[in-house]
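Add 49 to the 1-based position in the sequence shown for the numbering used here, that's all there is to it. Using N, Cα and C, we set each Cβ at its ideal position, and we do this for glycine too. Quick caveat: nothing in here was measured; it's all calculated off a predicted structure.
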Amino acid sequence: RADRFLEEGEKVQDEIKAKIKDLTPEQKPDALMIYQLSDQAITVSGKGFFGNQWLNATGANDVAEEDVQGRKDVNMEQVYSWNPEVIYLTNFTPIQPEDLYNNTIPGQDWSEVDAVKNKQVYKIPLGIYRWFPPSGDAPLMLKWLAQHNQPDLFTYDMNEEIRTYYKDFYDYDLTDEDIHSILN
Numbered sequence: 050r051a052d053r054f055l056e057e058g059e060k061v062q063d064e065i066k067a068k069i070k071d072l073t074p075e076q077k078p079d080a081l082m083i084y085q086l087s088d089q090a091i092t093v094s095g096k097g098f099f100g101n102q103w104l105n106a107t108g109a110n111d112v113a114e115e116d117v118q119g120r121k122d123v124n125m126e127q128v129y130s131w132n133p134e135v136i137y138l139t140n141f142t143p144i145q146p147e148d149l150y151n152n153t154i155p156g157q158d159w160s161e162v163d164a165v166k167n168k169q170v171y172k173i174p175l176g177i178y179r180w181f182p183p184s185g186d187a188p189l190m191l192k193w194l195a196q197h198n199q200p201d202l203f204t205y206d207m208n209e210e211i212r213t214y215y216k217d218f219y220d221y222d223l224t225d226e227d228i229h230s231i232l233n
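#1: Contact check, residue 191 vs residue 61 under 8 Å by CB: the rounded distance?
#2: Between which two residues does the beta strand (DSSP E) holding residue 79 run?
#3: Return the CA-CA distance between residue 166 and residue 207, expressed in angstroms with no decimal places.
#4: Exposed or buried, residue 245, counting other C-beta atoms within 10 Å across all chains shown (16 or more means buried)?
#5: What is the rounded straight-line gap between the Cα of residue 53 and the Cα of residue 157?
#6: Beta-carbon within less than 6 Å of residue 160's beta-carbon, same chain only, minus the 5 sequence neighbours each way: which residues are those?
#7: DSSP beta-bridge partners for residue 122?
#8: Just to confirm, is the Cβ distance from residue 173 to residue 139 under 8 Å?
#9: What is the DSSP secondary structure of residue 163, reduced to helix, strand or coil?
#10: Return the bridge partner residues of residue 138 from the DSSP annotation.
#11: If you measure between the beta carbons of residue 163 and residue 133, is that distance less than 8 Å?
As structure tokens, then:
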């Protein structure tokens, strides 16, 4: 069974890689993966951590790649200097995109960040486990991210992708409510 998960992950990664291989850095959005976020700290992932691999594998430029090894706390000034076009929030933080859109985190002003201004902040789904660290849902994470990073190249119906994957790999029939819960 583990081999099936690995084969599917490699197949999906190869499909994505083939479609993004000729993209220039200018054709990729500048993205930031926020690992944890609160009024106390902004913890981002950079080179050598899961977020960096996910972004690079799905057609985005990781804005923290040159400045952060692993994961690290940064301040708003650093976020302003990176000015990501897309922000991803992991499930290791309770913060939601609306918290950034509505500027509800004390001591932080997200209103001038391009991703926030353009409503390009996404909460990473939560399936059998968090999708941020590698898990059995990794092929779904790759598709979900690729679709957000390169919407002209990837037009997955994520509801059907999730439904089919869970049936094929977990022998589980998801309801529409289950799928909504995973994505939200």
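Well, looking at it:
#1: For the purposes of this step, residue 191 is taken as residue 142 along the sequence shown, with counting starting at 1. For the purposes of this step, residue 61 is taken as residue 12 along the sequence shown, with counting starting at 1. Contact between residue 191 and residue 61 is confirmed by a C-beta separation of about 5 Å, below the 8 Å threshold.
#2: The sequence position of residue 79 within the sequence shown is 30, counting from 1. Start and end: 79 to 86.
#3: Reading the sequence shown from its first residue, position 117 is the one you call residue 166. Reading the sequence shown from its first residue, position 158 is the one you call residue 207. Looking at the two C-alpha atoms, the distance is approximately 25 Å.
#4: Look at the range of the chain in this structure, 50 to 233, and you will see that residue 245 is not part of it.
#5: Position 4 of the sequence shown, counted from the first residue, corresponds to residue 53. Position 108 of the sequence shown, counted from the first residue, corresponds to residue 157. Cα to Cα, residue 53 sits roughly 44 Å from residue 157.
#6: Within the sequence shown, residue 160 is the residue found at index 111, counting from 1. So the list reads 152, once near-sequence residues are dropped.
#7: Here residue 122 is taken as the residue at index 73 of the sequence shown, counted from 1. Bridge pairing for residue 122: 92 [DSSP].
#8: Counting from one through the sequence shown, the residue named residue 173 turns up at place 124. Counting from one through the sequence shown, the residue named residue 139 turns up at place 90. Yes, the Cβ-Cβ distance between residue 173 and residue 139 is below 8 Å.
#9: Walking along the sequence shown from the start, residue 163 turns up at place 114. Three-state DSSP puts residue 163 in a helix.
#10: By one-based count along the sequence shown, residue 138 stands at place 89. According to DSSP, which records beta bridges pairwise, residue 138 is partnered with 83 and 172.
#11: As a working mapping, residue 163 is identified with position 114 in the sequence shown. As a working mapping, residue 133 is identified with position 84 in the sequence shown. Cβ atoms of residue 163 and residue 133: closer than 8 Å.
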